[in-house]
Amino acid sequence: MASVTATLVESEESGWLILAAAGEWLVETAADLDRRLRALALPQGRRVMLDLERIDRLDTAGAWLLLRTEHDLTARGNTVEMRNLRPNFEPLIDQVRTAGFVAPARHPRPAHHTIAGFIAHIGEISLGLIARAYSILGFFGVVCATALRLTRHPRRLSVTAIVAQMEQTGVNALPIVSLLTFLIGVVIAYQGADYLRFYGLESYTVQLTGASILRELGVLLTAIILAGRSGSAFTAQIGTMRVNEEIDAMRTIGLDPVEVLVLPRLFGLVLTLPMLTLCANFMGVFGGGLMAWGVLGIGIPEFLTHLSTIAPWSFWIGLIKSPFFAVIIALIGCYEGFQVGGSAESVGRLTTLSVVEAIFLVIVTDAGFSIFFSSLQI
Amino acid sequence: MSMPDHPDEPIIRVRGLVNRFGTETVHDGLDLDVFHGEVLGVVGASGSGKSVLLRTIIGLNRPVAGSVEVFGNNIMTMSDTDHREIEKRWGVLFQDGALFSSLTVAENIEVPLKEYYEMPLRLMDEIAAFKVGIVGLPEGTGEKYPSQLSGGMRKRSGLARALALDPEIVFLDEPTAGLDPIAASEFDILIKDLRGSLGLTVFMVTHDLDTLFAICDRVAVLVDRKIRVGTLEEMLQDEHPWIHSYFHGPRGRAALLSETGHVAKDETRVAAPI
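Chains as they are written, first to last, in our numbering: chain L, 196 to 573; chain W, 76 to 349.
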């Protein structure tokens, strides 16, 4: 588009150093002009004239470059004059001049590029984690207090809301939980049979599959699926309500958000997770059995005999853990939802965080249970 | 600032525009010209299709029929390369600024610069800094994120981004909605100033009568799925019931009084036939 490219000519005349600008001083030519202006060896303590007569077109970027040059020259003790500016460009120059000589914004750069910054960064993260744990614990306390208060007015607890949550988190999750645990059962039995055959112990495949599904995998998989499916939904729902100021509206009407939003989700999940775990256990063992029958030819009576040799505690341990996991998932999901502030962007960020945190805590708790139960020798 | 080749040629020319959503016809054979250097205010009842008209002109909405020419090029039939060339020459301010929330204000302003030109980082930072100044934001705003700004500051930042490439046309979608009266009239003054100094053509959708009276050269009113364009004086005399009640309702009269002080004369003219 530039028919006459922008130029800058240096010349001298009766004590004046003349910088003559010509052509199109536009945002398109700004990069080129900027390079040439920075390459100029600026004089000191002289009289400098900026001759602007032959500027054909000018926009704010071009005006900025002229004013910056003027500013730089003045800063070096020169006397600067702008001359021969076309009258129709004057308002433009004035507009940019009144915008002031603003220092460019610093780009927020990560500070942890130095060693001290790196250590400080680690410290910041650690302190943040501690503050976070403290805050989650506080939220847990509020939820417990609200639940306790509700025992005196049990009618305030909305059964409809709990049932609706159970449908969302339980019934709707049934297909995916069943399918995944069935497949895991199949995989464990198949892989297990391979290794056990090596030692001639392939008939123990049923015990291997049954024990690992019942004790650990059934409940763990279900909890992880629910953390991804329902924990994230809790955060997104409550977070969106915060962005829309619905939570504030509730408070002004006298509704307690913890009572209305958190308790139904918590109770709903505490009731559904054990049921889903039962279902997951069944499907996992079923998948393992199917595989044992297909690969090893173990029939139903033989399968049941093998299954009955697994300690009944394995089954109960899996089930006992499930309500604890439910509490973790619901608490983290709701807590992160309440952490949403102002922008819609934080809903997305906190939803991700809620899933990661919930899965992390579920697995850590599971490890804790393992140690606990093994010290009880069951 | 480039001057138009023919000063009387409209810079935006809309002909026979038809927009339909489902069975709802929003525009039915709408014609509109916008001329170089003018401030055009587009008003109309809620749902009359003001924003749809704006979105159609800038190519975000494909109309059922009709043509839209900007700088003499048909928006609907042009190639993608031509469209990019046109996009350099206009800037759009959306209702709440539509700033990219993950970037600072300065980075927001630099996005169009980065997209279209290869510039040294330092120059881009400088351009962003004086754009922040031009739209009247305090120093240091460039480092802030959109979520840290008030509504008025977000709009100013959005305007700074719209002005990043020194466009010839700026489209403003309800620039003063949601601002307090002081901030709103400051924004009016800013637009007026920038129009004068940068030679902008302004296409503005607004509900704000004060803005209309303060800065608009011509007013386009969307009624009956068509548009009526004229100067404020012409609109004040229009007998269409909606236009009449719009400009002669209590708010219209108050805005007129504060701007010109000649409401009494007008009122007698209206009241005379009774």
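Glycine is no exception: its CB is placed at the ideal position from the N, C-alpha and C atoms.
None of the values given here were measured: they were computed from a predicted structure.
- By the neighbour-count criterion, in which a residue is buried when 16 or more other Cβ atoms sit within 10 angstroms of its Cβ, V453 (chain L) is buried.
- At the C-beta level, G380 (chain L) and G482 (chain L) come within 7 Å of one another.
- Residue pairing by DSSP places I566 (chain L) in no beta bridge whatsoever.
- Among the residues of chain W, those whose CB is under 8 Å from the CB of P299 (chain L) are A181, R197, D200, E201, A203, A204 and G217, following chain order.
- If the five residues before and after A140 (chain W) are omitted, its C-beta is found closer than 8 Å to the C-beta atoms of G91, L92 and V93, all from its own chain and listed in chain order.
- Within chain L, no residue has its CB atom less than 7 Å from the CB of Y321 (chain W), the nearest being about 31 Å off.
- Residues are counted here when their Cβ sits less than 7 Å from a Cβ of chain W; for the stretch 264-297 of chain L these are P286, L287, D289, Q290, V291, A294, G295 and V297, given in chain order.
- Taking M310 (chain W) as the centre and dropping the five residues before and after it, the same chain places the C-beta of V294, V296, R303, I318 and F322 closer than 8 Å to its C-beta, in chain order.
- Close CB contacts of D246 (chain L) within its chain, under the 8 Å cut and outside five residues either way in sequence, are with I213, L214, A215, A216, R278 and N279 (chain order).
- Scanning its chain for C-beta atoms nearer than 7 Å, with the 5 sequence neighbours on each side dropped, one finds around A356 (chain L) the residues P459, in chain order.
- By the Cβ-count criterion, Y530 (chain L) is buried, with 16 or more other Cβ atoms from all chains shown falling within 10 Å of its own Cβ.
- Put simply, the CB of D241 (chain W) is near chain L, with a gap under 7 Å to one of its CB atoms.
- For the pair F555 (chain L) and K516 (chain L), the Cα-to-Cα distance works out to about 15 Å.
- A239 (chain W) is a Cβ neighbour of L188 (chain W), given a cutoff of 7 Å.
- Residues of the same chain with a CB within less than 6 Å of the CB of I493 (chain L), apart from the 5 flanking positions on each side, are A487 in chain order.
- As the crow flies, the alpha-carbon of R327 (chain L) is around 38 Å from that of I383 (chain L).
- Secondary-structure assignment with DSSP links F313 (chain L) through no beta bridge to anything.
- Inter-residue distance for A406 (chain L) and G365 (chain L) is about 24 Å (C-alpha atoms, whole angstroms).
- Within chain W, no C-beta atom comes less than 9 Å from the C-beta of W511 (chain L); the nearest is roughly 49 Å away.
- For the stretch 212-243 of chain L, the residues whose beta carbon sits under 8 Å from a beta carbon of chain W are, in order, L221, V222, E223, A225, A226, D229 and R230.
- The Cβ atoms of P221 (chain W) and S176 (chain W) sit closer than 7 Å to each other.
- For E540 (chain L), a Cβ of chain W is located within less than 7 Å of the residue's own Cβ.
- Relative to the Cα of R544 (chain L), the nearest Cα in the group L:L260, L:Y329, L:I314 and L:A431 belongs to L:A431.
- Inter-residue distance for G528 (chain L) and L332 (chain L) is about 14 Å (C-alpha atoms, whole angstroms).
- Residue burial is scored here from C-beta neighbours: Q239 (chain L) has fewer than 16 other C-beta atoms within 10 angstroms and is therefore classed as exposed.
- H266 (chain L) and L275 (chain W) have their C-alpha atoms spaced approximately 27 Å apart.
- Contact check for V109 (chain W) and I86 (chain W): beta-carbon distance about 6 Å, within the 8 Å limit, so the pair qualifies.
- Taking every protein chain shown into account, the CB of Q290 (chain L) has 16 or more other CB atoms within 10 angstroms, so this residue is buried.
- Relative to G387 (chain L), the option among L:L403, L:A236 and L:E440 whose CA is nearest is L:L403.
- Closest in C-alpha terms to R424 (chain L), from the list L:A368, L:E540 and L:L456, comes L:A368.
- The DSSP-derived three-state label of K301 (chain W) is strand.
- Leaving aside the five residues that flank S321 (chain L) on each side, none in its chain has a CB nearer than 7 Å to its CB.
- Per DSSP, V275 (chain L) is one residue of the beta strand (DSSP E) stretching across T274 to R278.
- The beta carbon of D254 (chain L) sits closer than 7 Å to some beta carbon of chain W.
- Not flagged as an interface residue toward chain W: W508 (chain L), since no C-beta distance is shorter than 7 Å.
- V167 (chain W) is bridged by DSSP to W:F246.
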